[in-house]
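Trainee: Could you have a look at this structure, given as structure tokens, before my questions?
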Amino acid sequence: MTGLHADYGRSNIVRAPTIAADPALMLLHFEQADGIDEVRTLSDDFGAATPDIVEAVVDQAIRFSTDYLDPLNDEGDRTGSRLVDGRVKTCAGHREAWSAYAEQGWGTIDQPTSWGGQGLPRSLSAMVQEICDRSCPGFGMLPVPQRSAARLIASWGDEAMKEEWLPRLVANSWGATICISEPDAGSDVARIRTTATPAEDGSWRISGEKCWITFGDHDLTPRIGHCLLARTPGAQGLSLFLVPNCHEDGTANGVIVRRVEEKMGLHISPTCVLGFEEAQGRLIGEEGRGLAQMFVMITNMRLATGVQGLASAGAAFDMALRYAEERKQGGKAPQPVAIATHADVQRQLMALAGPVESMRGLVLALANHADIAAHAPDEARRADAEALVQWLLPIVKTKGGEIGFDVASGAMQVLGGAGYTREWPVEQYLRDVRVLTIFEGTTGMQAQDLVHRRLMRGDRRGLELFLTKARAAAATAADAGADAAARGLGHCLDLVEDAVAWLDRHADSKTDIDAVATPFLRLASIAALGWAGARLAATPGDAPAARRVAAAGGSCAALSGAQALSAHAEVMAGAALIDGFAAVRPQ
14 MTGLHADYGR SNIVRAPTIA ADPALMLLHF EQADGIDEVR TLSDDFGAAT PDIVEAVVDQ
74 AIRFSTDYLD PLNDEGDRTG SRLVDGRVKT CAGHREAWSA YAEQGWGTID QPTSWGGQGL
134 PRSLSAMVQE ICDRSCPGFG MLPVPQRSAA RLIASWGDEA MKEEWLPRLV ANSWGATICI
194 SEPDAGSDVA RIRTTATPAE DGSWRISGEK CWITFGDHDL TPRIGHCLLA RTPGAQGLSL
254 FLVPNCHEDG TANGVIVRRV EEKMGLHISP TCVLGFEEAQ GRLIGEEGRG LAQMFVMITN
314 MRLATGVQGL ASAGAAFDMA LRYAEERKQG GKAPQPVAIA THADVQRQLM ALAGPVESMR
374 GLVLALANHA DIAAHAPDEA RRADAEALVQ WLLPIVKTKG GEIGFDVASG AMQVLGGAGY
434 TREWPVEQYL RDVRVLTIFE GTTGMQAQDL VHRRLMRGDR RGLELFLTKA RAAAATAADA
494 GADAAARGLG HCLDLVEDAV AWLDRHADSK TDIDAVATPF LRLASIAALG WAGARLAATP
554 GDAPAARRVA AAGGSCAALS GAQALSAHAE VMAGAALIDG FAAVRPQ
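Laid out in structure tokens, this is it:
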């Protein structure tokens, strides 16, 4: 066991290093992702993402992550961030890593050139995020809201706000947060009590408390813009404001750090409770329409959440795979064999490989269709792409988090007792990813969004487009000889259509629909992974990366039919799923 980790001493633990992403695997995924050929035709900037450029970006991202983020991860997990004299201090090495990230332009990849970005496809930005997040998941919790806030301000900010903030957010010179939750208003935004009152100078004065604010304060940038929802006098809905933590001259702006949360994972990322005491803010967009406008930011962050789960899943699987090749146990004496030769270990590893590779294909497809929705010259094409994005987004957000946790747990099982110790990073992956199905909208919220907004009250165009694509992928897989993948996905899609018919028959029963929303989301997620897996199953060639994705994707698609049976059965049960709840409640 010298390949990964040679120091088992308890007094001076040396953790096994994160296994870097395989560039050949990443490049193959990028080139095969659904929609990339169309994206390249949409603009000269997108067209600049040639295979050679993508290869160079991936290679440099891996080098940056290895040089800066791998060493930062262990320090950040052990020491985290601290609140000192009212300000958050990040751990040793964080400022150096952040400076290198900004100087090398990693936050600019998918930002428009008019803002100072590189204008490359979102799928390439997602791939870079995955590479970075697998080395240090908490580090990426800052650039995601920065990029998302830039898109928000570009969509709804006035010209002065755009001129001041966009270049600095894109360059990672200033930070940004999303401020929605309050102590008494988590998912229920109707309970938000933070207020905004107009001032004579045209600005607003913000007062209230916000919690669960990622990188709500830090010493990495001189200024932080809080994108905040608040109530204004007389307005029916919530309004959206940009509230800097300090004025341009560096003086405080009435934003107080009340507390830094002690969390299960993501220790390097400070999660803050913030108080706003007559803080000066500026209105973004229209008064009373803040929540609708905020979804520009929320959408970007939900995609990034799926990427973060994928990153940890990929790192955990690669760790388990290499460990299984090096760990010698069993076999005939006197020479033990690698545990990877045992059938049950192979089964465990295949159960991890399929979701990882299929999720990567699904994430890149969603990113590509987001670009098509924003930039296609034909209005009908943009509308179709947007419908598909809205169908896939809650799936990617939720399934990314679930796969991150499930694969980390499965990898720990392969490592055995070693995986449960801090000497291996698998236990950190497990801790870091658990929150991904909670923040940016819980699984239940994603399920309600998918079923009510995209299915029961929507025009179902997203579902129709998905089913068409998935049926075509099954046919292509069959033509390529991946018959098991084609059959499994076909059966899964039949179950999805049957579940939709059941929902239609029970459309008048809100209890039935609400009770089965999460099982339906699970069913739709299995189908989406099966689609991505079937596309991978048809991968040609004998190169190691091609063989890996074809085998893993084919396995995922082949199993999708059997896996869908359980979720389908729960949907068919309807409100019977919750019939006994009254008996288990406290009397």
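Residue numbers (the numbering used here): 14 to 600.
Glycine included, every Cβ here is placed at the ideal spot set by N, Cα and C.
Just so you know, these numbers come straight off a predicted model, no measurement behind them.
Can you give me the C-alpha to C-alpha distance between G16 and A29, rounded to a whole angstrom?
Mentor: Reliability of the predicted coordinates at G16 is poor, the pLDDT of 42 falling under 50, and the value obtained from them is presented with this limitation in mind. Spanning the two alpha carbons is a distance of roughly 9 Å.
Trainee: Considering only the alpha carbon of each residue, which of A324, Q361, K345 lies closest to Y336?
Mentor: Ranking the options by Cα distance to Y336, first place goes to Q361.
Trainee: Terminal residues of the continuous beta strand (DSSP E) containing C259?
Mentor: From DSSP, C259 is part of no beta strand (DSSP E); its letter is neither H nor E.
Trainee: Three or more C-beta pairs under 8 Å: does that hold for the stretch 414-431 against the stretch 322-341?
Mentor: These segments touch.
Trainee: Label Q459 either buried or exposed according to how many other C-beta atoms from any shown protein chain fall within 10 Å of its C-beta, with 16 as the threshold for buried.
Mentor: Looking at its Cβ environment, which holds 16 or more other Cβ atoms inside 10 Å, Q459 is buried.
Trainee: What's the gap between the Cα of A139 and the Cα of A243?
Mentor: In a straight line, the C-alpha of A139 is about 31 Å away from that of A243.
Trainee: For G543, which residues from the same chain have a beta carbon less than 6 Å from its beta carbon, with the 5 sequence-adjacent residues on both sides left out?
Mentor: L502, C505, A570, S573.
Trainee: For P603, name the three-state secondary structure that DSSP assigns.
Mentor: Beyond the ends of the chain as shown, which are 14 and 600, falls residue 603; an answer cannot be given.
Trainee: Quick check on the DSSP output: the beta strand (DSSP E) that includes H107 runs from which residue to which?
Mentor: Taken as a continuous stretch (DSSP letters only), H107 belongs to no beta strand (DSSP E), being part of the alpha helix (DSSP H) at 107-116.
Trainee: Skipping 5 residues on each side, what residues in its chain have a beta carbon closer than 7 Å to that of F254?
Mentor: Excluding residues within five positions, the ones whose Cβ falls inside 7 Å are A209, W217, I219, L241, A243, G294, R295, L296, I297.
Trainee: Can you tell me the Cα-Cα spacing of A483 and I144, whole angstroms?
Mentor: Looking at the two C-alpha atoms, the distance is approximately 28 Å.
Trainee: Within the chosen definition, does the stretch 309-319 reach the stretch 156-168 through at least 3 CB pairs nearer than 8 Å?
Mentor: Segments in contact, yes.
Trainee: V268 and F330 - do their beta-carbons sit closer together than 9 Å?
Mentor: Contact flag unset, no.
Trainee: DSSP has T636 in a bridge; who is on the other side?
Mentor: The requested residue 636 is not part of the displayed model; the chain covers only 14 to 600.
Trainee: Within 10 Å of its beta-carbon, does Q8 have 16 or more other beta-carbons around it, so buried, or fewer, so exposed?
Mentor: Nothing in the structure corresponds to residue 8, since the chain is present only between 14 and 600.
Trainee: Alpha carbon to alpha carbon, how far is L428 from C104?
Mentor: L428 and C104: Cα-Cα distance of roughly 29 Å.
Trainee: Who pairs with F479 in a beta bridge, going by DSSP?
Mentor: Answer is none; F479 lacks a bridge partner.
Trainee: For the beta strand (DSSP E) containing F289, name the first residue and the last one.
Mentor: Here the beta strand (DSSP E) through F289 covers 284-297.
Trainee: Taking C-beta to C-beta, are D397 and L478 nearer than 9 Å?
Mentor: Their beta carbons are under 9 Å apart, which means D397 touches L478 by this criterion.
Trainee: Could you tell me how far apart the beta carbons of W169 and S194 are, in whole angstroms, since I believe they sit closer than 8 Å?
Mentor: Contact doesn't hold; Cβ gap of about 21 Å is too wide.
Trainee: Looking at V409 and L449, is the spacing between their C-beta atoms short of 9 Å?
Mentor: Cβ distance not < 9 Å, so L449 and V409 don't count as in contact.
Trainee: Give a yes or no on whether the minimum CB-CB distance between I281 and chain B is below 9 Å.
Mentor: Structure shown: chain B not included; a single protein chain is present.
Trainee: Classify R340 as buried or exposed, calling it buried when 16 or more other Cβ atoms lie within 10 Å of its own Cβ.
Mentor: By the 10 Å Cβ count, R340 comes out buried.
Trainee: Can you check which of these residues, A212, D507, A558, is closest to A580 by C-alpha distance?
Mentor: Comparing Cα-Cα distances from A580 to each of A212, D507, A558, the minimum goes to D507.
Trainee: Going by C-alpha to C-alpha distance, which of R561, S371, D98, S200 sits closest to H231?
Mentor: Taking only the C-alpha atoms, the option nearest H231 is D98.
Trainee: Mapping the DSSP letters down to three states, classify C149 as helix, strand or coil.
Mentor: It is coil, neither helix nor strand.
Trainee: Using the C-alpha atoms, what's the distance from L165 back to M307?
Mentor: Distance between the alpha carbons of M307 and L165 is about 7 Å.
Trainee: Note the first and the last residue of the continuous beta strand (DSSP E) segment covering T531.
Mentor: Run containing T531: none in the beta strand (DSSP E); it sits in the alpha helix (DSSP H), 523-550.
Trainee: So, helix, strand or coil for V67, using DSSP?
Mentor: Helix, per DSSP.
Trainee: Can you tell me which residues form a DSSP beta bridge with V268?
Mentor: Answer is F289.
Trainee: A198 by DSSP, collapsed to three states: which one?
Mentor: Strand at A198.
Trainee: Alpha carbon to alpha carbon, what distance is there between W515 and R135?
Mentor: When rounded, the distance between both Cα atoms is 36 Å.
Trainee: Grab the span of the beta strand (DSSP E) containing T210 for me, first residue to last.
Mentor: Where T210 is concerned, the enclosing beta strand (DSSP E) stretches over 208-211.
Trainee: Would V529 pass as a contact of V584 if the rule is Cβ separation under 9 Å?
Mentor: Yes, Cβ-Cβ distance for V529 and V584 is below 9 Å.
Trainee: Using CA coordinates, which residue listed in S94, T531, D47 is at the minimum distance from L233?
Mentor: The candidate whose alpha carbon is nearest that of L233 is S94.
Trainee: Quick one: grab the DSSP three-state call for I26.
Mentor: Three-state result, I26: coil.
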